[in-house]
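4 protein chains.
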Amino acid sequence: MDAGAAAQSRPWLALGQEIIEVLEKVDLEAFFRVVRAFDDCKRRWFFSGQGRSGLAASMAAMRAMHLGRIVHVVGEASAPSIRAGDGLLMISGSGETPVSVAFARVAKAERAVLIVVTRQPESLLANLADEVLHVPVTRSAQFGGSLFEQCSLILLDAVIFELGRHLPDAHAHMAHRHTNLQ
Amino acid sequence: MDAGAAAQSRPWLALGQEIIEVLEKVDLEAFFRVVRAFDDCKRRWFFSGQGRSGLAASMAAMRAMHLGRIVHVVGEASAPSIRAGDGLLMISGSGETPVSVAFARVAKAERAVLIVVTRQPESLLANLADEVLHVPVTRSAQFGGSLFEQCSLILLDAVIFELGRHLPDAHAHMAHRHTNLQ
Amino acid sequence: MDAGAAAQSRPWLALGQEIIEVLEKVDLEAFFRVVRAFDDCKRRWFFSGQGRSGLAASMAAMRAMHLGRIVHVVGEASAPSIRAGDGLLMISGSGETPVSVAFARVAKAERAVLIVVTRQPESLLANLADEVLHVPVTRSAQFGGSLFEQCSLILLDAVIFELGRHLPDAHAHMAHRHTNLQ
Amino acid sequence: MDAGAAAQSRPWLALGQEIIEVLEKVDLEAFFRVVRAFDDCKRRWFFSGQGRSGLAASMAAMRAMHLGRIVHVVGEASAPSIRAGDGLLMISGSGETPVSVAFARVAKAERAVLIVVTRQPESLLANLADEVLHVPVTRSAQFGGSLFEQCSLILLDAVIFELGRHLPDAHAHMAHRHTNLQ
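Protein chains in written order, with the numbering used here: chain A, 1 to 182; chain B, 183 to 364; chain C, 365 to 546; chain D, 547 to 728.
Dropping the structure here:
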């Protein structure tokens with residue numbers, strides 16, 4: 001049985017193939033510009049997105065916190081105002097989600113750094129961004145933004161992986177920060 | 183029309199009367215022990231509770247953040263592990279909510295400070311606590327913990343009020359930290 | 365010691381007095397129009413608000429669910445789109461919170477019913493609303509919207525109380541729906 | 547440049563390779579038992595998990611809601627009690643997360659159906675489950691449960707994909723339910 005037939009009978013492999021096809025087209029330079037943006041351990045980072053993009057942003061935020069970064073998720077009760085010198089990482093497939101665009105405009109007006117993860121590099125959000133991580137989703141058998149959201153999660157986990165791989169005892173430090181209230 | 187009749191025709195006044203009756207029995211010493219526990223601006227505070235108690239805890243956490251305290255809400259993606267030297271403020275009407283008791287035990291095992299807001303001063307949580315803020319709810323016409331939750335919110339807002347009233351420009355500093363992403 | 369002196373030495377009583385002063389000025393007709401809007405047990409209700417207003421809206425939503433209403437909180441993963449025939453209850457002190465105004469406009473464009481709880485009866489949100497529950501906060505010693513949020517919670521709990529008081533076994537039915545996962 | 551070298555210079559491809567290796571070992575029968583468990587459109591489904599597993603569960607819950615299923619996320623204000631005839635889908639890498647185990651025990655005591663997504667088929671949670679979706683993660687270069695969480699998200703999205711692919715106009719129906727408040 002060839003790969004296509006196997007994927008048809010095991011639908012999760014078809015999704016895996018879609019993901020790999022997108023990941024293979026991600027730009028190396030753009031990825032490492034995002035990694036370098038997170039190099040500064042003193043910068044506060046806000047993570048945001050609506051719907052499933054927002055949940056993927058929360059997943060990335062949690063790992064960034066484990067790595068020792070100062071992290072807030074927009075909408076959490078503990079999140080303060082965003083100001084100059086802070087960073088905002090925004091996930092939006094269309095790059096046009098109204099609430100996300102409104103937040104990005106506030107962030108830029110405050111002179112915060114804006115990173116946008118999107119499949120639309122010509123969108124409103126991409127045009128506002130200091131760095132764009134383009135997730136090159138062109139077509140998918142799945143509903144709506146699912147392929148985009150899966151790839152965004154993997155790419156941001158790869159950013160965390162890249163930031164952590166050169167640290168001594170990264171896993172031990174990350175485990176120590178992992179919540180013990182669950 | 184006397185106060186009772188007025189309250190009957192305007193049901194929110196009956197709730198207001200219930201609240202005042204509880205607030206009048208709150209212990210002065212216990213309240214100010216909680217205020218003093220928050221005096222240390224360097225301590226990280228975790229806020230927790232289940233259901234509506236947890237939402238009231240989040241409301242208090244937000245104001246504590248506005249005041250400049252280092253604040254986390256348990257369950258938020260950005261919340262790290264709790265460790266020695268941290269504080270946990272737990273709201274639980276019964277003082278026996280299983281998840282809350284489990285978290286309080288972890289916090290005490292880590293040697294964190296535990297403040298419990300409860301209507302049951304003989305409960306599991308109260309017995310684990312370093313400080314108990316007893317909310318003396320005895321009976322209520324309302325469903326379940328509503329009166330307890332209303333009083334807990336007001337009492338914790340009073341703690342914030344007391345912490346802020348002696349600071350110069352407290353309202354300006356608090357407004358500056360209030361989220362600008364909404 | 366008179367009431368003013370007692371309140372000064374016990375700051376939570378000063379907050380309680382602020383609350384009662386607001387509650388006494390709430391309009392009877394407006395309150396019962398909100399109660400009647402919730403009479404229809406088939407209508408889906410969405411609850412929303414930003415920051416602490418959103419947390420108070422979540423607290424009200426939970427009790428409405430206990431009462432047997434079909435309830436969603438905007439932003440929850442389980443919340444579907446709002447459509448004609450649905451209701452949106454929005455809490456906003458200023459009545460001008462940008463995200464809340466944007467949501468209210470979508471709701472009205474879909475021909476949903478809009479109830480606004482606000483301290484500003486001349487605001488954008490109030491002008492969009494089918495029913496306004498005016499929380500007549502004029503001044504407060506507290507920071508920001510605290511007094512408004514406390515009163516909004518109490519008023520919405522009073523709506524729930526009023527809806528439940530005429531039902532046989534309301535408390536038993538509500539307790540049965542109260543989450544057992546906590 | 548061969549695949550290994552490419553993955554080394556483009557770290558997200560190394561993550562993609564880890565994911566594919568896990569997905570290829572997922573059991574066909576177990577996957578379709580989970581698909582069939584969701585066939586019943588009348589059953590209420592609760593989704594749960596702690597930390598990033600909980601966020602992945604929320605992402606799956608949202609798509610199940612789009613598909614027309616009755617969905618709650620444990621911990622959301624709108625979530626009622628779980629009862630006989632309901633379903634609980636729990637994600638836990640270790641299968642031993644204390645809060646998740648406690649919730650699963652309540653669900654089973656109520657005679658709800660329990661589906662557990664885990665990398666540990668001999669864990670407490672797996673032993674409580676009616677159906678186990680084993681995510682066969684054995685080793686990973688990534689921190690903690692990242693690979694497990696990525697694969698769990700993809701597998702549950704594949705369950706949704708499988709449930710939707712045979713429906714006429716599935717994408718149109720799902721888009722109609724997708725929140726319009728964002």
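The beta-carbon is built from N, C-alpha and C at its ideal position, and this holds for glycine as well.
Endpoints, alpha helix (DSSP H) assigned at residue i
| i | result |
| --- | --- |
| Phe395 of chain C | Leu392 to Ala401 |
| Phe343 of chain B | Ser328 to Gly346 |
| Glu567 of chain D | Pro557 to Leu569 |
| Leu635 of chain D | Leu635 of chain D -> not in any alpha helix (DSSP H); beta strand (DSSP E) instead, spanning Gly633 to Ile637. |
| His540 of chain C | Ala534 to Arg541 |
| Ala490 of chain C | Leu488 to Leu492 |
Span separating the alpha-carbon of residue i from that of residue j
| i | j | result |
| --- | --- | --- |
| Glu460 of chain C | Ala448 of chain C | 23 Å |
| Ile518 of chain C | Gly198 of chain B | 8 Å |
| Val645 of chain D | Gln696 of chain D | 21 Å |
| Glu520 of chain D | Leu156 of chain A | The displayed coordinates of chain D run from 547 to 728. Any statement about residue 520 of chain D would go beyond what the structure contains. |
| Met174 of chain A | Ser81 of chain A | 26 Å |
| Ser48 of chain A | Glu304 of chain B | 42 Å |
| Leu310 of chain B | Leu124 of chain A | 53 Å |
| Cys41 of chain A | Ile70 of chain A | 8 Å |
| Met547 of chain D | Phe32 of chain A | Its pLDDT being 46, under 50, Met547 of chain D is placed unreliably by the model, and the measurement read from it follows with that caveat. Approximately 20 Å between the Cα atoms of the pair. |
| Ser186 of chain A | Ala490 of chain C | The requested residue 186 of chain A is not part of the displayed model; chain A covers only 1 to 182. |
| Arg119 of chain A | Leu67 of chain A | 27 Å |
| Lys571 of chain D | Pro682 of chain D | 7 Å |
| Pro350 of chain B | Ala505 of chain C | 14 Å |
| Gln546 of chain C | Asp403 of chain C | 30 Å |
| Thr684 of chain D | Leu693 of chain D | 10 Å |
| Ala401 of chain C | Arg469 of chain C | 19 Å |
| His254 of chain B | Gly269 of chain B | 10 Å |
| Ala655 of chain D | Phe325 of chain B | 26 Å |
| Val480 of chain C | Ala378 of chain C | 27 Å |
| Leu205 of chain B | Phe343 of chain B | 15 Å |
| Asp312 of chain B | Val523 of chain C | 37 Å |
Residue i CB to nearest heavy atom of the ligand GTP below 8 Å
| i | result |
| --- | --- |
| Gly621 of chain D | Summarising the ligand content, the structure contains no ligands, and the ligand GTP is consequently not present. |
Cβ of residue i within 9 Å of any chain B Cβ
| i | result |
| --- | --- |
| Pro644 of chain D | yes |
| Arg503 of chain C | no |
| Ser58 of chain A | yes |
| Leu181 of chain A | yes |
| Pro375 of chain C | yes |
| Phe410 of chain C | no |
C-beta neighbour in chain D for residue i, strict 9 Å
| i | result |
| --- | --- |
| Met365 of chain C | Low per-residue confidence applies at Met365 of chain C: pLDDT is 46, beneath 50, and the placement is therefore not dependable, though the value from the model is reported in the following sentence. So, not an interface residue. |
| Phe38 of chain A | no |
| Glu170 of chain A | The sequence as given places Ala at residue 170 of chain A; Glu does not occur at that position. Yes, Ala170 of chain A counts as interfacial toward chain D. |
Residue range of the unbroken beta strand (DSSP E) whose run includes residue i
| i | result |
| --- | --- |
| Arg469 of chain C | Segment Pro462 to Ala473 is the alpha helix (DSSP H) holding Arg469 of chain C; no beta strand (DSSP E) there. |
| His436 of chain C | Ile434 to Val437 |
| Ser594 of chain D | Arg590 to Gly595 |
Residue-chain proximity (residue i, chain A), Cβ-Cβ < 9 Å
| i | result |
| --- | --- |
| Ala441 of chain C | yes |
| Ala466 of chain C | yes |
| Ala721 of chain D | yes |
| Glu331 of chain B | no |
| Glu292 of chain B | yes |
Contact set between residue i and chain D, taken where Cβ atoms lie within less than 9 Å
| i | result |
| --- | --- |
| Leu237 of chain B | Ala623 |
Cβ of residue i within 9 Å of any chain C Cβ
| i | result |
| --- | --- |
| Val581 of chain D | no |
| Val617 of chain D | yes |
| Leu307 of chain B | no |
Per-residue contacts from residue i into chain D (C-beta, under 7 Å)
| i | result |
| --- | --- |
| Ala158 of chain A | Pro557, Trp558 and Leu561 |
| Arg52 of chain A | Met605 and Met608 |
| Val438 of chain C | Leu727 |
Partner residues on chain B for residue i, Cβ-Cβ distance less than 7 Å
| i | result |
| --- | --- |
| Ala61 of chain A | Ala259 and Ser260 |
| Glu526 of chain C | Pro193 |
Residues bridged to residue i [DSSP beta-bridge criterion]
| i | result |
| --- | --- |
| Val299 of chain B | B:Ile273 and B:Leu315 |
Where residue i meets chain B, residues with beta-carbon distance less than 8 Å
| i | result |
| --- | --- |
| Val106 of chain A | Asn362 and Leu363 |
Residue i: contacting residues in chain B (beta-carbon distance under 9 Å)
| i | result |
| --- | --- |
| Ile208 of chain A | In the structure as shown, chain A starts at 1 and stops at 182, and residue 208 of chain A therefore has no counterpart that could be examined. |
Chain-ordered neighbours of residue i on chain D, where CB pairs are closer than 8 Å
| i | result |
| --- | --- |
| Gly144 of chain A | His612, His717, Met720, Ala721 and His724 |
Residue i: contacting residues in chain A (beta-carbon distance under 9 Å)
| i | result |
| --- | --- |
| Val572 of chain D | Arg10, Trp12 and Leu13 |
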